[in-house]
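In my numbering, the protein residues as written are 18 to 108.
Since the structure comes first, as structure tokens, the remarks are kept for the end.
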């Protein structure tokens with residue numbers, strides 16, 4: 018079973034494709050066959066004491082003109098993920 022990585026980050030469409038280290042990590046994980054899930058900070062919540070998130074499957078590509086695709090939103094427990102990265106730009 019592939020690793021399931023969740024990335025909590027600022028809006029993915031606003032990052033700089035050429036120099037964003039989060040994108041570099043996601044591309045490396047995708048090359049290894051990891052499943053990627055995308056979340057923004059407002060997508061995180063607690064429900065009956067369980068940490069959950071509104072996750073979207075994420076596909077990334079090394080193409081500066083078409084480098085990501087997001088799937089449909091699903092409400093899932095964060096415990097479904099093997100790895101969670103919190104990557105936010107400083108204020």
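Glycine included, each C-beta is placed from N, C-alpha and C at the ideal position.
For residue j and residue i, believed in contact at Cβ under 8 Å, the rounded distance
i: residue 104; j: residue 54; result: Not quite, the Cβ-Cβ distance comes to about 13 Å (not below 8 Å), so this is no contact.
i: residue 56; j: residue 88; result: About 13 Å; that fails the 8 Å criterion.
i: residue 101; j: residue 25; result: 7 Å
7 Å CB neighbourhood of residue i in its chain, flanking five on each side removed
i: residue 44; result: 77, 79
i: residue 34; result: 40, 81, 84
Closest residue to residue i among the options (Cα-Cα distance)
i: residue 48; options: 60, 19, 101; result: 19
i: residue 93; options: 46, 60, 86; result: 60
i: residue 95; options: 86, 106, 66; result: 66
Delimiting residues of the alpha helix (DSSP H) encompassing residue i
i: residue 56; result: No alpha helix (DSSP H) holds residue 56; the beta strand (DSSP E) holding it covers 52-56.
i: residue 43; result: 38-48
Beta-carbon proximity list for residue i, same chain, < 6 Å, skipping 5 on both sides
i: residue 15; result: The requested residue 15 does not occur in the structure, where the chain is confined to residues 18 to 108.
i: residue 52; result: 19, 21
i: residue 109; result: Residue coverage of the chain in this structure runs from 18 to 108, which leaves residue 109 outside it and unanswerable.
i: residue 72; result: 54, 56, 91, 93
Where residue i falls, given that 16 or more other Cβ within 10 Å makes a residue buried
i: residue 70; result: buried
i: residue 75; result: buried
Chain-order list of residues whose beta-carbon lies under 8 Å from that of residue i (same chain, five-residue window excluded)
i: residue 46; result: 20, 22, 53
i: residue 63; result: 69
i: residue 106; result: 27
Boundaries (first-last residue) of the beta strand (DSSP E) holding residue i
i: residue 26; result: 21-26
i: residue 73; result: 67-77
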